[in-house]
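Heads up: the sequence shown begins at 3 in the working numbering, then just goes up one per residue.
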Amino acid sequence: RIRAQNPAPQLYFVKVDVTGAYDALPQDRLVEVIANVIRPQESTYCVRHYAVVQRTARGHVRKAFKRHVSTFADLQPYMRQFVERLQETSSLRDAVVIEQSSSLNEAGSSLFHLFLRLVHNHVVRIGGKSYIQCQGVPQGSILSTLLCSLCYGDM
């Protein structure tokens with residue numbers, strides 16, 4: 003809760019559009035940021051795949067397939083604990099949650115190498131020729147927005 007302050011503090015909002023945001027990211031800096039977030043030498047990650055089935059307001063059944071990633075430190079090993087945590091941290095109500103699979107040994111180093119491949123080995127094809135992207139990240143990749151946000155957020 004925020005208590006009312008008298009006078010209320012002024013709030014400022016800025017909306018910007020960075021031209022060439024994805025293309026301008028310095029790859030070396032991006033690798034440093036990723037290494038700080040993932041900590042490849044320290045962490046082992048657990049990936050849990052699950053489905054959520056809910057009835058919409060119109061009575062239709064809606065299915066969503068989701069993934070949750072955690073470290074061993076914050077792992078909820080039992081599905082009941084996991085669902086209770088979901089209910090506390092999201093708007094999950096009146097739903098059936100189905101565990102599909104769990105992978106308990108995703109090393110931080112393997113995730114880090116996945117990001118490295120995305121950053122350093124992206125091939126662009128233009129006019130029948132192939133080029134390796136040396137600056138920025140591939141736009142349109144499922145991870146591009148995350149990488150862009152992490153890098154610019156760290157600057």
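Note that beta-carbon positions come from the ideal geometry of N, C-alpha and C, so glycine has one too. All of these numbers come straight from a predicted model, not from anything done at the bench.
Tell me the DSSP bridge mates of residue i?
i, result
"Y133", "V126"
"K68", "Y52"
"Y47", "T73 and E108"
"V99", "V54"
Tell me whether residue i is buried or exposed, calling it buried when 16 or more other Cβ atoms sit within 10 Å of its Cβ.
i, result
"G129", "exposed"
"I36", "buried"
"Y154", "exposed"
"R64", "exposed"
"L13", "exposed"
"R119", "exposed"
"Y24", "buried"
"F117", "buried"
"M157", "exposed"
"R127", "exposed"
Out of curiosity, what's the CA-to-CA distance linking residue i and residue j?
i, j, result
"A97", "D76", "23 Å"
"S104", "R41", "21 Å"
"D19", "R87", "36 Å"
"N8", "H70", "42 Å"
"R60", "F67", "21 Å"
"L113", "V39", "11 Å"
"Y52", "V99", "7 Å"
"R31", "L152", "10 Å"
"H122", "Q135", "7 Å"
"L27", "Y80", "40 Å"
"Q102", "Q83", "16 Å"
Legend entry - Cβ contact (3+ pairs, closer than 8 Å) linking the region 99-114 and the region 44-54: yes
Inset, instruction - Report yes or no: do the region 137-146 and the region 87-104 share at least 3 C-beta pairs separated by less than 8 Å? - result: no
Inset, instruction - Decide if the region 26-36 is in contact with the region 56-74; the criterion is three or more beta carbon pairs, one per stretch, under 8 Å apart. - result: no
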